[in-house]
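Taken in sequence, the protein lines are chains A and B. If you read the first sequence in our numbering, its first letter stands for residue 1, the second for the next number, and so on. If you read the second sequence in our numbering, its first letter stands for residue 1, the second for the next number, and so on. Below is one structure, written out as structure tokens; the observations come after it.
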Amino acid sequence: MAGLELVSDAGFRADGRRPDELRKVRARLGVLARADGSAYLEQGNTKVLAAVYGPHEVRGSRSKAPPDRALLCCRCSSAPFAGGGERRRRPPQGGGDRRSGERALLLRGVLEGAVLGQLYPRSQIDVHVQVLQADGGELGASVSAAGLALQDAGVALRGPVVAGSAGLAEPPAGPPVALSDLSAAEEAAGGPRLVVATVAGSGQLALCQLSARLHQERLRPVLDAAQAACRGLHAVLDGVVRASDPLGDTRTLPWPQ
Amino acid sequence: MLTSRTFVKRTRAGAVVKVVREHYLRDDIACGAAACRLCTPAGSGSAPGLEARPSGPASSLCPGPHFLLPDTNLLLHQIDILEDPVIKNVIVLQTVLQEVRHRSAPVYKRIRDVIQNPEKHFYSFTNEHHRETYIEQKRGETSNDRNDRAIRVAVKWYNEHLKKTEDAEKIEVIFLTNDNTNKEKALEEGITAYTCEEYIKSLTANPELVDRLACVSDEGKEIEGGKIIFPEHIPLSKLQQGIKSGIYLQGTYRANRENYLEATVWVHGDAEENKEIIVQGLKHLNRAIHEDVVAVELLAKDEWVAPSSVVLQDDGQNEEDIENEEEKENILKTSVSKDMLRPTGRVVGIIKRNWRPYCGMLSKSQIKEARRHLFTPADRRIPRIRIETRQADTLEGQRIIVAIDGWPRNSRYPNGHFVKNLGSAGDKETETEVLLLEHDVPHQAFSQAVLSFLPKMPWSITEEDMKHREDLRHLTVCSVDPPGCTDIDDALHCREIGNGNLEVGVHIADVSHFIRPGNALDEESVKRGTTVYLCEKRIDMVPELLSSNLCSLRSNVDRLAFSCIWEMNHKAEILKTRFTKSIINSKVTLTLASPEVRFHMDSETHDPIDLQTKELKETNSMVEEFMLLANISVAQKIYDEFPEFALLRKHPAPPPSNYDILVKAAKSKNLEIKTDSAKALAESLDKAESPTFPYLNTLLRILTTRCMMQAVYFCSGMDNDFHHYGLASPIYTHFTSPIRRYADIIVHRLLAVAIGADSTYPELTDKHKLAEMCKNLNYRHKMAQYAQRASVAFHTQLFFKTKGVVNEDAYILFVRKNAIVVLIPKYGLEGTVFFEEKDKPTPKLEYNSEVPSLTVEDTIFHVFDKVKVNIMLDDSNIQHQKMRMVLVEPKVRQPKISKSFFLFIRSNMISQKKKSRFQTHVNIF
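Set out below in structure tokens:
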């Protein structure tokens, strides 16, 4: 009985959202002047900064670079003050922690499916994502922010990349409910968590990662909720991209609400 | 629609951590009033709201239509009243609900059930997320004050909101609180507020509700004067610190049944020493009640005591006789040898109360016209409870239910309030109700929701049902059961197949076909866990339509079954095993009303129990053997298929020391019992016969059963030890009685998935849920057994009530320090013969634990000695009637009365098929 009650009988989550509602999203492009493209994304209290450098010549050993398409280098990190579940697992000095490493790997997988790499043979695109504040859904936010930064950099994409997450609440009374866009508290409750990344327009999944066991009968509603979260996020981010003027000074733009 | 606000700081686990959580405020939360046009109803199918025209009870204080809005403490303490059908249209704020959730899980569950009940018109308003009712904690304001303020703000909002929607009549929201300062503040702010007492007393049409008010130890209750009896409880935060640093120990408090001044605390955790701490004396017990989780402080070693073997009952009527108590406490401190001393402690605080409503009887106050009375619970481990009632005269001699409200420091007894009247004591129905309640057996009639999942009659087998099913109607299948059995869940067939081998099939009723996972019928069955057989009554696990009709494998009708079919050679070696869902048509229902049974009836005047266990053996063991075989085969199959989620049954081997008493006892009769393995034990038991003492073997077997452990269900993914000791099988489960055991239904489902006849569902493959379910099933089985025994005991008492004193042969089963436990074979009755009696000089007792034997004056008693006892009913205490046995000198008088007794008990038992069939095995398997 103890522990978090994910959905109350009145149908609200602990933070007051309904099961299918996303957290507040705020985003901004071109926040870093020296990067070729950059984006800042807030999903609730999760705050992520992404920067894209390139396409540029391959640095380091050229042998790594594939001859026919661009080399994608992804690096993820977490700010020391980011908080969240990553606080204790951090190694004392330097280097990325394990979760960041895993995030980078997954991010690269998503972006390779989204970037039209064959347009940039023998070149390299660097994507750096830093979590400034962690409050659940860091992987999804990292992917979405990287997608925004790539758009800002003008890298050719199959479509905008967005990611969303969903979980499942099993209230003691009543049927289980799929929850969109989990917060850190909800992730900590230990239920299944599904992260899905889509390349908008293609209708295909670029990433589908499930933590914890989930019965196959329950997968469909959770997957639907995660995809709905992607669509909802895309609607907001699309507005942000269209509103931002790639030539002007974005810093003078008001925060899109 | 969303307004975000970050808000919380929190400390956790010692370290101070800043936690920031989002908190969304919304403007789309409905007020729940049906008449309200401003709020859009929150989605279809949401919880039923408040009535448009509140039809609450008439109140003289507020004659107009009104909603009630209770605060947290009121809800916690007066839940009994709120549950009454009279009280309707109550708004439960989220703030209140959350506070209740933190403070008492049982009350939280109850209030949620009430909110779900559409007839009660309770509405839970999410005020913390409403834009206009959310408030922030002010600087310097405690969270309690903040919550009180939040409640008041919500009441205010409601009143203003309802004014706007006003149609014809103005609906008022009435704030109920027992907190005076809160009430004053509310009145200042212009809110109508009453205490619970004021409001309930104003309900002119329902005066009986007043009795059910919990008396909360507020002002005006200090009749005992300021005399403090108990030391203060240390607050929870300090207790937790103390437990961490090892000053205090946390444990479950278990009151002593025999001695109200003594209790043990079972310390949680793995620490080997100080597992069990003794607490002695009223002050040290410090208001803890049986099953509470408490913190204890160990006393210095020189204050340690030994567990007393004195029987002490709390019979004081007067509050003031504390000196008397001290006297009694001194009785406990008889001098004992050093090595008897056990860790002793005192209760310093309560971590969690585990109060429940208690059954018992009123001990009416001697003062006429008094309204305070003491209530004596049926369970001796629960102290008496002081209640306030005006209907003492009607409640006298009745079994009633009472709930505890609190235990102030200056009161000898806890305070409580009357909940429910069950009926007059001694009445068969009341007593059955009491024993079902006391053993936590769910026994309400099946609800409409449950019954709605039953198949519609007339029922027939459809094409759809035939999918994944084999048609075995051509086979000659038969069932073997005792006469009068209505729930036939197994049937057998055997035939020669061409190659010189035999095909043997066990067909079990396919209950899982009718009970689909997750629906109300399934949930009710899993809650009940097992069918409970009492004398005169059977509490079914599944509704009767299934248990006695559609699932019962009656003859000459088509029935769905789950079959386990073996191919065997004539040496009974299994060559092939297969499982299939099937459809069968039993050709004949064989009953045990064959010549054997007639024989049984004739000779029963001599020795009915003996007969039951012996003469029925062959037919029984044929069925039994095949059932065991089916269970083992199925266990192996589901474990192979689902190594993590198989529901199995194990019977742990008892520690060798458990057998000491058996070996010693056998030795005294010059027999050797080997206990190194189950097989050796069984063989040596078979050999242990004495030509001059034919009953000895039965006695030895009874004794052996007592040495063993309980068999339990478990989930294979959560355990390593699968062995079933009693059956000497490496793996075992329950498959053959799905009508009366829920475990079998799960096993059926697993097996169905394993053979591809049914689909899986999420809970089935979740080992934590399965383990949780096993825990419940084990608990229900244990409770069902206790209830069964209690029922038999009650009916035995009824029998002896009409008989008066009876003189009977008995054998000694155990020898205790001041008593012997005897078994009377004729009635299968067990009892204790005490040698110490009230108001009589104690005889000289000498106990020898080596033999074991007890010497009373100059008579020596050994285990298995034959004695004669007088049996009579001791009804000096109506609440605890019991059988009393008194030893008489061996006399050569043999009255024959057992026939009437046997018939009496027999006629009271309705078709307890399995119980009588496996009589000797009930405890082991």
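By construction, the Cβ of each residue, glycine as well, lies at the ideal position given by its N, Cα and C atoms.
Asked	Found
Contact list for Arg17(A) against chain B, beta-carbon separation under 7 Å	Tyr24
Partners in chain A for Val20(B), counting only beta-carbon separations shorter than 9 Å	Asn45, Gly83, Gln133, Asp135
Separation of Ala653(B) from Val294(B), as counted between CA atoms	33 Å
Where the alpha helix (DSSP H) through Asp145(B) begins and ends	143-164
Closer than 7 Å at the beta carbon, the chain A residues around Pro762(B)	His215, Glu217, Arg218
Proximity test, Cβ basis, 8 Å: His768(B) and chain A	no
Beta-carbon gap between Leu647(B) and Cys715(B) smaller than 8 Å	yes
Buried or exposed (CB count within 10 angstroms, at least 16 for buried), Tyr779(B)	exposed
Thr46(A) beta carbon less than 8 Å from that of Ala134(A)	yes
Chain-ordered neighbours of Thr72(B) on chain A, where CB pairs are closer than 9 Å	Simply none; closest approach about 16 Å.
Contact the stretch 180-188 of chain A vs the stretch 160-167 of chain A: 3+ CB pairs below 8 Å	yes
Residues that DSSP places opposite Ser759(B) in a beta bridge	According to DSSP, which records beta bridges pairwise, Ser759(B) is partnered with nothing at all.
Inter-residue spacing [alpha-carbon to alpha-carbon] between Leu259(A) and Asp126(A)	Only positions 1 to 257 of chain A appear in this structure, which leaves residue 259(A) out of reach.
Short CB-CB distance (under 8 Å) between Ser142(A) and chain B	no
Ala196(A) and Val52(A) closer than 8 Å at C-beta	This sequence places Val at residue 196(A); Ala is not what is there. No.
Inter-residue Cα distance where the pair is Arg122(A) and Val58(A)	7 Å
Residues near Thr942(B) in its chain [Cβ-Cβ closer than 6 Å; skip 5 each side]	An answer regarding residue 942(B) cannot be provided, because it is not within the stretch 1 to 925 covered by chain B.
Chain-ordered chain B contacts of Ala281(A) [CB-CB under 7 Å]	One cannot answer for residue 281(A) here, as it falls past the ends of chain A, which runs 1 to 257.
Span of the alpha helix (DSSP H) around Ile80(B)	Contrary to the premise, residue 80(B) reads as Asp rather than Ile in this sequence. Here the alpha helix (DSSP H) through Asp80(B) covers 79-82.
Cutoff 7 Å; reference Asn73(B); Cβ partners in own chain excluding five residues on either side	Asn178, Asp179
Gln118(A) versus Cys74(A) - alpha carbon distance	18 Å
Every unbroken beta strand (DSSP E) within the stretch 710-758 of chain B, with a cutoff of 3 residues, ordered by chain	712-715
Three-state secondary structure (DSSP) of Asn182(B)	helix
Chain-ordered residues of the stretch 119-147 of chain B with a beta carbon less than 7 Å from chain A	Ser124, Thr126, His129
First and last residue of the uninterrupted alpha helix (DSSP H) at Ile820(B)	Ile820(B) -> not in any alpha helix (DSSP H); beta strand (DSSP E) instead, spanning 819-824.
Straight-line gap, Lys18(B) to Leu132(A) (C-alpha atoms, nearest Å)	16 Å
Proximity of Val348(B) and Ile243(B) at Cβ, strictly below 8 Å	no
Cross-chain neighbours of Thr765(B) in chain A, by beta carbon under 9 Å	Arg213, His215
Alpha helix (DSSP H) runs wholly inside the stretch 170-207 of chain A, at least 4 long, in chain order	184-188
Phe562(B) in three-state terms, based on DSSP	strand
Close Cβ partners of Pro455(B) (< 7 Å) along its chain, the five nearest in sequence each way excluded	Phe514, Leu550
Buried versus exposed call for Thr476(B) [16 or more other C-beta atoms within 10 Å across all chains shown]	exposed
Chain A residues whose Cβ lies nearer than 9 Å to that of Ile565(B)	Within 9 Å Cβ-Cβ: nothing; Ile565(B) doesn't reach chain A, min ~31 Å.
Cβ neighbours of Val821(B) in the same chain (closer than 6 Å, five flanking residues each side left out)	Leu813, Phe814, Thr832
Minimum Cβ-Cβ distance from Arg23(A) to chain B less than 8 Å	yes
Segment contact, 8 Å Cβ cut-off, at least three pairs: the stretch 66-80 of chain B with the stretch 90-101 of chain B	yes
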